[in-house]
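Q:
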Amino acid sequence: MSAALALGQRALLEAWRTPEALFPTLFIPLFFLVVNVGQAARIFPSETTEFLNSQSYAAFQLPSSLLLAASFGTAALFLVEEIEGGYFDKLRSAPVPRSSIVLGRLIAELVKGVGIAVVLVAVALPFGIEVASGPLGFVLLVVLTALWAVVFAGFMQLIALKTRSAAATNSGSLVFFPLLFLTPNFVPRSLLTEPMEVAATLNPVTYVMEAMRSLILEDFAWQRIWPGFLVVGVAGLAMLALNVRMIRNYD
Amino acid sequence: METDEPAVHAEALVKTFGGRSGTVEAVRGVDLSVRPGEVFGFLGPNGAGKSTTVKMLTTLLSMTSGTVRVAGVDVGRDPDAARLRMGVALQEAGLDPRQTGRELLVLQGRLFGLSKPEAAQRAAELLALVELEDAADRRIKGYSGGMKRRLDLASALVHEPEVLFLDEPTTGLDPASRLTVWEEVRRINGRGTTVFLTTQYLEEADQLCDRLAIIDGGRIVREGTPAQLKAELRDREGLDREPTLDDVFLDATGRTRAKAAGEVQEVSA
Numbered sequence: 004m005s006a007a008l009a010l011g012q013r014a015l016l017e018a019w020r021t022p023e024a025l026f027p028t029l030f031i032p033l034f035f036l037v038v039n040v041g042q043a044a045r046i047f048p049s050e051t052t053e054f055l056n057s058q059s060y061a062a063f064q065l066p067s068s069l070l071l072a073a074s075f076g077t078a079a080l081f082l083v084e085e086i087e088g089g090y091f092d093k094l095r096s097a098p099v100p101r102s103s104i105v106l107g108r109l110i111a112e113l114v115k116g117v118g119i120a121v122v123l124v125a126v127a128l129p130f131g132i133e134v135a136s137g138p139l140g141f142v143l144l145v146v147l148t149a150l151w152a153v154v155f156a157g158f159m160q161l162i163a164l165k166t167r168s169a170a171a172t173n174s175g176s177l178v179f180f181p182l183l184f185l186t187p188n189f190v191p192r193s194l195l196t197e198p199m200e201v202a203a204t205l206n207p208v209t210y211v212m213e214a215m216r217s218l219i220l221e222d223f224a225w226q227r228i229w230p231g232f233l234v235v236g237v238a239g240l241a242m243l244a245l246n247v248r249m250i251r252n253y254d
Numbered sequence: 019m020e021t022d023e024p025a026v027h028a029e030a031l032v033k034t035f036g037g038r039s040g041t042v043e044a045v046r047g048v049d050l051s052v053r054p055g056e057v058f059g060f061l062g063p064n065g066a067g068k069s070t071t072v073k074m075l076t077t078l079l080s081m082t083s084g085t086v087r088v089a090g091v092d093v094g095r096d097p098d099a100a101r102l103r104m105g106v107a108l109q110e111a112g113l114d115p116r117q118t119g120r121e122l123l124v125l126q127g128r129l130f131g132l133s134k135p136e137a138a139q140r141a142a143e144l145l146a147l148v149e150l151e152d153a154a155d156r157r158i159k160g161y162s163g164g165m166k167r168r169l170d171l172a173s174a175l176v177h178e179p180e181v182l183f184l185d186e187p188t189t190g191l192d193p194a195s196r197l198t199v200w201e202e203v204r205r206i207n208g209r210g211t212t213v214f215l216t217t218q219y220l221e222e223a224d225q226l227c228d229r230l231a232i233i234d235g236g237r238i239v240r241e242g243t244p245a246q247l248k249a250e251l252r253d254r255e256g257l258d259r260e261p262t263l264d265d266v267f268l269d270a271t272g273r274t275r276a277k278a279a280g281e282v283q284e285v286s287a
């Protein structure tokens with residue numbers, strides 16, 4: 004575990020020293036938040052829109068921005084760079100468990116995910132957004148975002164390890180767009196058309212988004228929160244197992 | 019390690035790659051034995067199987083068949099124990115450009131089981147050894163090619179390995195940097211470390227290696243000291259002059275000088 008922590012620390016340093024890669028992770032989700040709210044806020048006034056629970060439409064949209072921010076996968080591009088540059092082989096030549104090499108990056112993603120979620124929520128608070136579930140709800144919101152960041156980074160790392168190509172890894176991140184938009188992104192699931200509702204119900208990201216939204220808009224409604232944690236838990240374990248298997252068989 | 023145990027011993031080493039266009043036998047039954055304390059050169063034209071062999075010897079590539087022991091440890095059975103006894107500097111200087119030289123060495127030390135203070139102490143020693151103290155706290159992306167190569171060498175020595183594998187350590191370096199690397203290799207070997215060196219530069223092999231092997235088409239085609247190999251060619255061909263290592267190489271690989279141009283370069287540092 005100490006090797007994984009040392010490698011995680013290095014991956015964090017790498018992110019800190021590459022602010023140009025971190026900037027879009029914060030800026031683009033905020034941009035979407037502003038644009039989406041600007042386009043739809045008048046359709047959904049807080050006073051008359053029941054699903055907003057008296058909050059602004061920005062509060063409803065914040066989970067989409069949090070999920071987007073946690074789904075950039077830049078860590079996987081750094082991994083490809085390492086593979087191409089030979090540093091990955093240097094790490095593989097060390098007597099450490101193979102799993103620690105992928106785990107280190109996932110630990111760093113968890114920490115980065117916490118930081119990104121805290122910053123985004125902090126930026127959103129002055130715009131009238133409240134976390135209705137209170138401080139514990141805020142912590143759960145941040146943890147859920149960070150765990151999703153680990154899931155997505157794990158998925159991107161799989162592509163990086165399999166293809167060893169920056170172009171292929173970059174393309175892999177596009178998979179998030181259908182996942183993000185086949186969700187109750189703009190309105191609750193019950194207001195979607197039937198085909199979209201079916202698609203959203205089948206999409207696991209829906210449950211993460213609904214858990215986040217529940218934490219922001221209402222007091223603890225566990226029946227909407229636990230499915231989100233279940234999705235990130237199961238997907239996280241699956242990604243971890245696949246990453247470990249991939250690096251053990253890496254030639 | 020027992021003194022009579024070879025530093026590197028490979029037996030019937032085979033690597034086959036399968037692809038859409040069929041199977042490629044990159045290494046076809048290589049037998050090698052490197053004595054403790056020697057500088058062993060491993061030569062061959064491009065695509066001969068040099069790097070594939072080195073990657074198998076250093077645990078970075080699985081073997082299709084065969085056995086490898088490094089410093090007495092079976093690489094296939096106990097790769098982590100083997101990794102503890104070997105240092106590896108591959109063809110590309112494998113460095114993280116965002117770290118400083120010191121950070122990279124400290125991390126490498128920690129990955130090889132040193133505590134933080136031990137790793138910091140070892141990093142300082144190695145930075146002095148490769149004369150990078152002034153650049154130690156600068157990010158690696160600003161280093162020259164020669165500095166990167168020296169740092170790569172230092173990172174391979176962080177755990178004081180018994181065997182050091184160097185895969186084309188001077189490729190792409192200017193003559194002055196090449197000389198510096200040669201000096202480092204001699205200095206490291208002088209401390210008792212066995213060096214396994216692949217190179218495309220025949221002059222380099224002649225200067226540095228006690229013994230060498232030439233691989234071609236995935237098989238070892240010559241093995242011996244540079245003097246033995248030259249004498250064997252002179253006697254076999256009845257030459258009236260002392261052949262060079264180039265002549266030995268061309269004879270061993272069945273290449274003419276014209277054909278070999280671009281594959282193997284002769285350099286003088």
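So the sequence lines, in the order shown, correspond to chains G and C. Everything in the first sequence is counted per the numbering used here, starting at 4 for the first residue and increasing by one. Everything in the second sequence is counted per the numbering used here, starting at 19 for the first residue and increasing by one. Where is the CB? At the ideal position from N, CA and C, for every residue including glycine.
1. What residue range does the alpha helix (DSSP H) around lysine 93 of chain G cover?
2. Relative to the C-alpha of arginine 53 of chain C, which residue among C:Asp22, C:Met74 and C:Val93 is closest?
3. Check whether the Cβ of glutamate 43 of chain C lies closer than 7 angstroms to any Cβ atom in chain G.
4. What does DSSP give as the partner residue(s) for serine 83 of chain C in the beta ladder?
5. Using a C-beta to C-beta distance shorter than 9 angstroms, which residues of chain C count as neighbours of arginine 20 of chain G?
6. Hey, does leucine 182 of chain C have any beta-carbon neighbour from chain G nearer than 7 angstroms?
7. Taking the beta carbon of arginine 128 of chain C as the centre, do at least 16 other beta carbons fall within 10 Å, making it buried, or is it exposed?
8. Which residue spans inside the segment 43 to 76 of chain C form an unbroken beta strand (DSSP E) run of at least 3?
9. For my contact list, serine 173 of chain C and leucine 108 of chain C are in at a C-beta cut-off of 8 angstroms; report their separation, rounded to the angstrom.
10. Which same chain residues end up closer than 7 angstroms to glycine 175 of chain G when comparing Cβ atoms and leaving out the 5 residues on each side of it in sequence?
11. Please list, in chain order, the residues of the segment 69 to 86 of chain C that have any C-beta partner in chain G closer than 9 angstroms.
12. Counting only beta-carbon separations shorter than 7 angstroms, does glutamate 263 of chain G have a partner in chain C?
13. Tell me the residue span of the alpha helix (DSSP H) that contains isoleucine 158 of chain C.
14. Could you compute how far the alpha carbon of threonine 76 of chain C sits from the alpha carbon of lysine 93 of chain G?
15. In the DSSP assignment, find the unbroken beta strand (DSSP E) run with threonine 333 of chain C in it and report its ends.
16. Against chain G, with Cβ distances strictly below 7 angstroms, would lysine 33 of chain C count as a contact?
17. Starting from aspartate 185 of chain C and walking both ways along the beta strand (DSSP E), at which residues does that stretch end?
18. Assuming the contact rule is C-beta atoms closer than 8 angstroms, valine 176 of chain C and phenylalanine 130 of chain C should be a hit. Round their C-beta distance to whole Å, please.
19. Tell me, please, whether the CB atom of glutamate 17 of chain G is closer than 7 angstroms to any CB atom in chain C?
20. Please list the partners that alanine 111 of chain C has in chain G, where partner means a Cβ-to-Cβ separation under 8 angstroms.
21. CA-CA distance, phenylalanine 189 of chain G and phenylalanine 35 of chain G?
22. Between the Cα of leucine 205 of chain G and those of G:Thr186, G:Asn56 and G:Thr196, spot the shortest distance and give me the residue it belongs to.
23. State the start and end residues of the unbroken alpha helix (DSSP H) segment that holds glycine 118 of chain G.
24. Going by other Cβ atoms of all chains shown within 10 Å of its Cβ, with 16 needed for buried, is isoleucine 238 of chain C buried or exposed?
25. Would you decide whether glutamate 180 of chain C is buried or exposed? Buried here means 16 or more other CB atoms lie within 10 Å of its CB.
26. Which ranges does the alpha helix (DSSP H) cover as unbroken runs of at least 4 residues, wholly within the segment 161 to 215 of chain G, from first to last along the chain?
27. Looking at the strands, I want to know which residues DSSP matches up with leucine 230 of chain C.
28. Is the segment 89 to 107 of chain G close to the segment 22 to 33 of chain G, with three or more CB pairs under 8 angstroms?
29. Considering only the beta carbon of each residue, do arginine 229 of chain C and phenylalanine 58 of chain C sit closer than 7 angstroms?
30. Since phenylalanine 130 of chain C meets chain G, which of its residues come closer than 8 angstroms, beta carbon to beta carbon?
31. Starting from alanine 9 of chain G, find everything on chain C with Cβ-Cβ shorter than 8 angstroms and list it in chain order.
32. Please report whether the beta-carbon of arginine 13 of chain G lies at a distance below 7 angstroms from any beta-carbon of chain C.
33. Roughly how many angstroms separate the alpha carbons of aspartate 188 of chain C and phenylalanine 155 of chain G, rounded to a whole number?
34. Please identify, using Cβ separations under 7 angstroms, the residues of the segment 97 to 108 of chain C that lie next to chain G, in order along the chain.
35. Just how far apart, CA to CA, sit valine 148 of chain C and leucine 169 of chain C?
36. Strictly below 8 angstroms CB to CB, what residues from chain G border serine 173 of chain C?
A: A quick look at the data gives this:
1. 90 to 95
2. C:Asp22
3. no
4. C:Val32
5. Arg116, Gln117 and Arg157
6. no
7. buried
8. 57 to 61
9. Actually they do not touch by this definition, with Cβ atoms about 11 angstroms apart.
10. Met159 and Ile162
11. Lys73, Thr76, Thr77, Leu78, Leu79 and Ser80
12. In the structure as shown, chain G starts at 4 and stops at 254, and residue 263 of chain G therefore has no counterpart that could be examined.
13. Careful: isoleucine 158 of chain C lies outside any alpha helix (DSSP H) and carries neither H nor E.
14. Distance between the alpha carbons of threonine 76 of chain C and lysine 93 of chain G: 11 angstroms.
15. Since the first residue of chain C shown is 19 and the last is 287, residue 333 of chain C is not available in this structure.
16. no
17. 181 to 185
18. 6 angstroms
19. Interface residue, yes.
20. Gly89
21. Each residue's alpha carbon lies about 12 angstroms from the other.
22. G:Thr186
23. 101 to 127
24. buried
25. buried
26. 169 to 175, 179 to 184 and 197 to 205
27. The partner list for leucine 230 of chain C (beta bridge, DSSP) reads C:Gly59 and C:Gly242.
28. By the Cβ criterion, the segment 89 to 107 of chain G is not in contact with the segment 22 to 33 of chain G, since fewer than three pairs of Cβ atoms, one from each stretch, lie closer than 8 angstroms.
29. yes
30. Near phenylalanine 130 of chain C (Cβ distances below 8 angstroms), the residues of chain G are Ala97 and Pro98.
31. Per Cβ cutoff of 8 angstroms: Leu125, Arg128 and Leu129.
32. yes
33. Reading the sequence as shown, one finds threonine at residue 188 of chain C and not aspartate. Straight-line Cα distance between these residues: approximately 40 angstroms.
34. If the cut-off is 7 angstroms between Cβ atoms, the segment 97 to 108 of chain C has Asp98, Arg101, Leu102, Val106 and Leu108 near chain G.
35. 7 angstroms
36. Neighbours of serine 173 of chain C on chain G, chain order: Lys93.
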